[in-house]
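Peer 1: Can you read through this structure? Questions will come right after.
Number of protein chains: 2
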Amino acid sequence: MANIKEVADLAGCSIATVSRHVNGAAPISVEVRARIEAAILQTGYRPSEIGRSLKRQATRTLGIVVPSLTNPVFALSVSGFQAVARRHGYNVLIATSDYDPAIEAEAVETFLGQSVDGLALTVCDSLSSPALATIDAGGKPNVLLFNQADMPGRQAVTVDNIEAARAMTDAILAEGHRRIVFLAGRFAASDRSRLRYRGFAAALAQAGLKPPLPLELDFLDATPDAALQPLLGGENRPTALFCSNDVLALGVIGALKRLGARVPDDMSVVGFDGIDLGQMVEPTLCTVSQPARAMGELACERLLATIRSTPEAATDAARFLAFDIRRGGSLGPAPRVVAAIGAGQDLQRDNTTPHNKRETA
Amino acid sequence: MANIKEVADLAGCSIATVSRHVNGAAPISVEVRARIEAAILQTGYRPSEIGRSLKRQATRTLGIVVPSLTNPVFALSVSGFQAVARRHGYNVLIATSDYDPAIEAEAVETFLGQSVDGLALTVCDSLSSPALATIDAGGKPNVLLFNQADMPGRQAVTVDNIEAARAMTDAILAEGHRRIVFLAGRFAASDRSRLRYRGFAAALAQAGLKPPLPLELDFLDATPDAALQPLLGGENRPTALFCSNDVLALGVIGALKRLGARVPDDMSVVGFDGIDLGQMVEPTLCTVSQPARAMGELACERLLATIRSTPEAATDAARFLAFDIRRGGSLGPAPRVVAAIGAGQDLQRDNTTPHNKRETA
DNA sequence: CTGTTAGCGCGTTCAT
DNA sequence: ATGAACGCGCTAACAG
């Protein structure tokens, strides 16, 4: 690929003139301009962004690192982020951490080396992320996405996970449920899960109930059947499950069906995130919806504002976005009589526990 | 952020020595090495990848452009692509075209300016893509993803869309359906859709049936109810719908439910892609599954092979990957008696057309 | 209006 | 084992 010098030689002028033409930085005589344009066309010249970056000490590139792209909530946020970046003439480098803090840190290292102008991160744990410290040390503009701020002044685009989980838990309680279990993806991999559990526990405590410990599932496991089984036995079994995210919730609903439980008649299930998919399944998923695409967009806007050092961006750095408790068929009233659920227990169950239909509740 | 010169000054040596240390290019005396390491630690020095790129004329960055990230099939392929790239020490620039050839071309321009070492593309139409021509002109290593090759020698990672659609159509025919309609996303935005229609039409022709024209839907429209309505009236209505992709198929199934049709008893629906979501809905989606993540991985591997000019990569450039006809509940036997579907017609339908249960077929 | 030149950060040849 | 110097492609400051 041709460089600026070849174009200049071909056009019979200096490289400075070519540069000026390309950047429209100064008026050029008509004849020279024509020769330059011809030369550019002939050589297929395209200014090297890397040469420019070296000069200007900025790359017009942003980085974004998310745990995964297969979770629609992250894919959506990346989509929004990238759209805004493009609109502003910025490129986007992407990395997925696969919920691994080591990969996360490595990705940040690489991005800093690539001299991104700023980066957006959904880290595993904002409180213990080495990546965050590295970025701060370098003074790179950055914004957290989905994570809550780990310190005052940190830019973060997120909902208040504690409040959201508390509100959702209240909604579950309002349906008459008293034994509710919180199912989480691995806590180590998601500070969001932990915050949501805190909101859950707070709501239960406020209702005078003792919050049970969360049940940790590997939410990358497509078939959590075995892990769920112990929850279904006995008359003290839970009647509702609060899953820390929607992907987990959908997996759990599938498992429950296979294990012979009906949702929500035997067991209510709610999630967190508000992915579209939740509205396409039957029953629809009751969940806390957060505006993932808009969050990606906002993260990018704040990042760009920081890069241009527009000070107003920092003022509302950590203001929370609104969430929405989205009603769905997966949350029903608590059964009046509870019995164990299980493949071999259908007859017994049918004899002893007339199921509570929604119409009768 | 410190540069190599500051480190050299601090360590009391030349920048050449620092460079050699960082790159392990030559032996360094123990004392100097210690001073350099101290200086690096102290300054937080990180070699500038952009300086390196300028020197070495390669960026260790790949570009990938896909129509969207919200369609899981693309998100998965990007995920696989990125994972392989990372493993090989490459960064990934991402762009989404939103099914717009103009944005697509613009993205490619930007990537070329950014001096990516190679790029993977899912273009709207490989036959008419200006982007492809641009890339070829520049001689950049590239590989098509999901698109089939537009010319011999072009690298492409894809399934044989025509054959896959033909096989799926045969499966529909085998269930006794005779009036089948092909629903496509906007043809202009997807050459895959067009190829799949060709396979569909070929299968019908071979069965002695006249293939109806495809019905074009805007598959970004979440509620295709209105567009679908005309298909449901009359006794000559179709009994099966072949949707050009899974996202469309799920939207169509949702619309059918709202319009009072049961799937598959009143209407069978099949899709194309094999997204996970299709297995979580009820009924499960019958579809052609393609290994999206593996395709992204393979595309990246081929790209890297091309960049390193491993010649063997080119030999099987356009070999097709295997697809899988995935059975699912959304495809059932054709009803023996067909009647119009509609909100106001429930009674009439129930009187005149006893539904064909799967057990009785 | 145009050309000359310096320098962005780095790797690398050529000396020593 | 180390240093000096050049050049990768480009822009900007200065000269004319």
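Chains A and B, in that order, give the protein sequences. Counting the first sequence from 1 gives a position; the numbering used here is that position plus 30. Counting the second sequence from 1 gives a position; the numbering used here is that position plus 30. Built from N, CA and C at the ideal position, the CB exists for glycine as well. Computed from a predicted model, the values in this text were never measured in an experiment.
Could you list which residues in chain A have their beta carbon closer than 8 Å to that of residue 297 of chain B, in chain order?
Peer 2: Mapped onto the second sequence, residue 297 of chain B falls at position 267. Near residue 297 of chain B there are no residues of chain A at all, since even the closest Cβ is about 17 Å away, more than 8 Å.
Peer 1: So what's residue 406 of chain A in DSSP terms, helix, strand or just coil?
Peer 2: With chain A covering 31 to 391 only, the question about residue 406 of chain A has no answer from this structure.
Peer 1: Could you check whether residue 72 of chain A and residue 94 of chain A sit closer than 9 Å to each other, using their CB atoms as the reference points?
Peer 2: Taking the first sequence and counting its residues from 1, one reaches residue 94 of chain A at position 64. Taking the first sequence and counting its residues from 1, one reaches residue 72 of chain A at position 42. Result no, Cβ atoms of residue 94 of chain A and residue 72 of chain A do not sit closer than 9 Å.
Peer 1: Output the residue ranges of the beta strand (DSSP E) runs that lie fully inside the region 255-301 of chain A and measure 3 residues or longer, sorted by chain position.
Peer 2: Qualifying beta strand (DSSP E) stretches, in chain order: 270-273.
Peer 1: Can you give me the Cβ contacts of residue 44 of chain A inside the same chain, cut-off strictly under 7 Å, excluding the 5 residues immediately before and after it?
Peer 2: As a first step, residue 44 of chain A is located in the first sequence; it is residue number 14 there, counting from the start. Within the same chain, residue 44 of chain A has close Cβ partners 38.
Peer 1: Hey, quick one: how far does the alpha helix (DSSP H) through residue 234 of chain A stretch, first residue to last?
Peer 2: Residue 234 of chain A sits at position 204 when you count from the first residue of the first sequence. First-last of the alpha helix (DSSP H) with residue 234 of chain A: 221-236.
Peer 1: Which of helix, strand or coil does DSSP assign to residue 371 of chain A?
Peer 2: As a first step, residue 371 of chain A must be located in the first sequence, where it is residue number 341. Coil, per DSSP.
Peer 1: Could you give the distance in angstroms between the alpha-carbon of residue 33 of chain A and the alpha-carbon of residue 146 of chain A?
Peer 2: Position 3 of the first sequence, counted from the start, is the residue given in the question as residue 33 of chain A. Position 116 of the first sequence, counted from the start, is the residue given in the question as residue 146 of chain A. Computed Cα separation, rounded: 24 Å.
Peer 1: How would you write the range of the beta strand (DSSP E) that residue 126 of chain B sits in, first residue to last?
Peer 2: Here residue 126 of chain B corresponds to residue number 96 of the second sequence, with the count starting at 1. Per DSSP, residue 126 of chain B belongs to the beta strand (DSSP E) from 121-126.
Peer 1: Near residue 373 of chain A, what residues of its chain come up, given a Cβ to Cβ distance below 6 Å and the 5 sequence neighbours on each side ignored?
Peer 2: As a working mapping, residue 373 of chain A is identified with position 343 in the first sequence. Below a pLDDT of 50, predicted positions are generally treated as unreliable, and residue 373 of chain A, at 49, falls in that range; the measurement from the model is reported next regardless. Only 290 meet the Cβ criterion.
Peer 1: Quick one: list the residues of chain B neighbouring residue 172 of chain A, beta-carbon separation under 9 Å, in chain order.
Peer 2: Residue numbering aside, residue 172 of chain A sits at position 142 when the first sequence is read from its first letter. Under the 9 Å cutoff, chain B gives no residues; its nearest Cβ is about 14 Å from residue 172 of chain A.
Peer 1: Quick one: grab the DSSP three-state call for residue 319 of chain A.
Peer 2: To locate residue 319 of chain A, count along the first sequence from 1; it is residue 289. If DSSP states are grouped into helix, strand and coil, residue 319 of chain A belongs with the strands.
Peer 1: Once DSSP output is grouped into helix, strand and coil, what is the label at residue 208 of chain A?
Peer 2: Position 178 of the first sequence, counted from the start, is the residue given in the question as residue 208 of chain A. It is coil, neither helix nor strand.
Peer 1: Looking at chain B, which residues of the region 125-141 of chain A have a Cβ within less than 9 Å of any of its Cβ atoms?
Peer 2: From the region 125-141 of chain A, only 125, 126, 128, 133, 136, 137, 139, 140, 141 have a Cβ closer than 9 Å to chain B.
Peer 1: Roughly how many whole angstroms lie between the Cα atoms of residue 236 of chain A and residue 210 of chain A?
Peer 2: As a first step, residue 236 of chain A is located in the first sequence; it is residue number 206 there, counting from the start. As a first step, residue 210 of chain A is located in the first sequence; it is residue number 180 there, counting from the start. So the alpha carbons of these two residues sit roughly 14 Å apart.
Peer 1: Excluding five sequence neighbours on each side, which residues of the same chain lie with their C-beta closer than 6 Å to the C-beta of residue 203 of chain B?
Peer 2: Within the second sequence, numbered from 1, the residue matching residue 203 of chain B stands at position 173. The residues are 237.
Peer 1: Quick one: does residue 167 of chain A have its CB under 9 Å from some CB of chain B?
Peer 2: As a first step, residue 167 of chain A must be located in the first sequence, where it is residue number 137. Yes, contact with chain B.
Peer 1: Among A/317, A/49, A/336, which residue has its Cα nearest to the Cα of residue 197 of chain A?
Peer 2: The count along the first sequence starts at 1 and reaches residue 197 of chain A at position 167. Among A/317, A/49, A/336, the Cα nearest to that of residue 197 of chain A is on A/317.
Peer 1: Kindly list, in the order they appear in chain A, the residues whose Cβ is closer than 8 Å to that of residue 280 of chain B.
Peer 2: As a first step, residue 280 of chain B must be located in the second sequence, where it is residue number 250. 310, listed in chain order.
Peer 1: Does any residue of chain A have a CB that is nearer than 9 Å to the CB of residue 108 of chain B?
Peer 2: Counted from its first residue, the second sequence places residue 108 of chain B at position 78. Yes - at least one Cβ of chain A is within 9 Å of the one on residue 108 of chain B.
Peer 1: Kindly provide the ranges of any beta strand (DSSP E) runs that are 3 or more residues long and lie completely inside the region 85-116 of chain A, ordered along the chain.
Peer 2: The qualifying runs are 91-96.
Peer 1: Can you pull the DSSP bridge partners for residue 246 of chain B?
Peer 2: On the second sequence, position 216 is the one that residue 246 of chain B refers to. Residue 246 of chain B pairs with B/214.
Peer 1: Residue 325 of chain A CB to nearest chain B CB: under 9 Å?
Peer 2: Here residue 325 of chain A refers to the residue found at position 295 of the first sequence. Not an interface residue.
Peer 1: Can you name, in chain order, every residue of its own chain whose Cβ lies under 8 Å from the Cβ of residue 105 of chain B, other than the five neighbours on each side?
Peer 2: One-based indexing of the second sequence puts residue 105 of chain B at position 75. Cβ neighbours of residue 105 of chain B beyond the five flanking positions: 99.
Peer 1: Classify residue 307 of chain B as helix, strand or coil using the three-state DSSP reduction.
Peer 2: Locating residue 307 of chain B in the second sequence gives position 277, where the first residue counts as 1. Three-state result, residue 307 of chain B: helix.
Peer 1: Under 9 Å between C-beta atoms, does residue 80 of chain B make it to chain A?
Peer 2: What you label residue 80 of chain B is simply residue 50 of the second sequence in a count that begins at 1. With 9 Å as the cut-off, residue 80 of chain B counts as an interface residue toward chain A.
Peer 1: Measure from the C-beta of residue 113 of chain B to each C-beta in chain A and report whether the shortest distance is under 9 Å.
Peer 2: For this step, residue 113 of chain B is matched to residue 83 along the second sequence. Chain A, which has a Cβ nearer than 9 Å to the Cβ of residue 113 of chain B, makes this yes.
Peer 1: Less than 9 Å between the C-beta atoms of residue 313 of chain B and residue 284 of chain B, yes or no?
Peer 2: For the purposes of this step, residue 313 of chain B is taken as the residue at position 283 of the second sequence. For the purposes of this step, residue 284 of chain B is taken as the residue at position 254 of the second sequence. Not a contact, by the Cβ cut-off of 9 Å.
Peer 1: So what does residue 356 of chain B bridge to, in DSSP terms?
Peer 2: For the purposes of this step, residue 356 of chain B is taken as residue 326 along the second sequence, with counting starting at 1. Partner(s): B/317.
Peer 1: For residue 233 of chain B and residue 364 of chain B, what's the separation of their Cα atoms in angstroms?
Peer 2: Counting from 1 along the second sequence, the entry for residue 233 of chain B is found at position 203. Counting from 1 along the second sequence, the entry for residue 364 of chain B is found at position 334. Approximately 17 Å, taken between the alpha carbons.
Peer 1: Looking at residue 205 of chain A: is its Cβ nearer than 9 Å to the Cβ of residue 270 of chain A?
Peer 2: As a position in the first sequence, residue 205 of chain A is number 175, starting the count at 1. As a position in the first sequence, residue 270 of chain A is number 240, starting the count at 1. Their beta carbons are under 9 Å apart, which means residue 205 of chain A touches residue 270 of chain A by this criterion.
Peer 1: Identify the residues that DSSP records as bridge partners of residue 33 of chain A: which are they?
Peer 2: Numbered from its first residue, the first sequence carries residue 33 of chain A at position 3. Answer is none; residue 33 of chain A lacks a bridge partner.
Peer 1: For residue 184 of chain B and residue 125 of chain B, what's the separation of their Cα atoms in angstroms?
Peer 2: The residue labelled residue 184 of chain B in the question sits at position 154 within the second sequence. The residue labelled residue 125 of chain B in the question sits at position 95 within the second sequence. Each residue's alpha carbon lies about 21 Å from the other.
Peer 1: What does the Cβ neighbour count give for residue 41 of chain B, buried or exposed, with the cut at 16 atoms within 10 Å?
Peer 2: Position 11 of the second sequence, counting from 1, holds the residue named residue 41 of chain B. By the neighbour-count rule (16 or more Cβ atoms within 10 Å), residue 41 of chain B is buried.
Peer 1: Below 8 Å on the Cβ atoms is my contact criterion, and I expect residue 152 of chain B with residue 123 of chain B to pass it. Report the Cβ-Cβ distance as a whole number of Å.
Peer 2: For the purposes of this step, residue 152 of chain B is taken as the residue at position 122 of the second sequence. For the purposes of this step, residue 123 of chain B is taken as the residue at position 93 of the second sequence. Actually they are not in contact, since the Cβ atoms of residue 152 of chain B and residue 123 of chain B sit about 15 Å apart, beyond 8 Å.
Peer 1: Starting from residue 168 of chain B, follow the beta strand (DSSP E) in both directions and report where the run begins and ends.
Peer 2: On the second sequence, residue 168 of chain B is found 138 positions in, with the first residue counted as 1. Unbroken run through residue 168 of chain B is the alpha helix (DSSP H), 160-168; no beta strand (DSSP E).
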